[in-house]
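Numbering (our numbering), first residue to last: 8 to 97.
Below is the structure:
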């Protein structure tokens, strides 16, 4: 996948190996008009992977905070929530 005509400021050309079934899939997307070219398919897929990874990291971070809260609650290492105090911190 080398499309040097799309190389420009902030862009780099990379050569990648791809399995035939994925190559056929990408070609079908381009031929159907869903994407302008092979590179556009790859860029879109990478952006989607990055979005999913960010969501996953946010979930894991939230899950970690929740786990700590549950452990504290189960071991009674917590204090009652003071709504006024919570509003001042927000």
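All C-beta atoms, glycine included, are put in the ideal place defined by N, C-alpha and C. Small disclaimer: the values here were computed from a predicted structure and weren't measured.
Exposed or buried, what is residue i when buried is set at 16 or more other beta-carbons lying within 10 Å of its beta-carbon?
i, result
"residue 33", "buried"
"residue 69", "exposed"
"residue 82", "exposed"
Could you give the DSSP three-state label for residue i: helix, strand or coil?
i, result
"residue 34", "helix"
"residue 42", "coil"
"residue 26", "coil"
"residue 61", "helix"
"residue 17", "coil"
"residue 47", "helix"
"residue 3", "Past the boundaries of the shown model lies residue 3; the chain is included only from 8 to 97, so the question cannot be answered."
"residue 80", "helix"
Inspect the beta-carbon positions of residue i and residue j and report whether they are closer than 9 Å.
i, j, result
"residue 23", "residue 37", "no"
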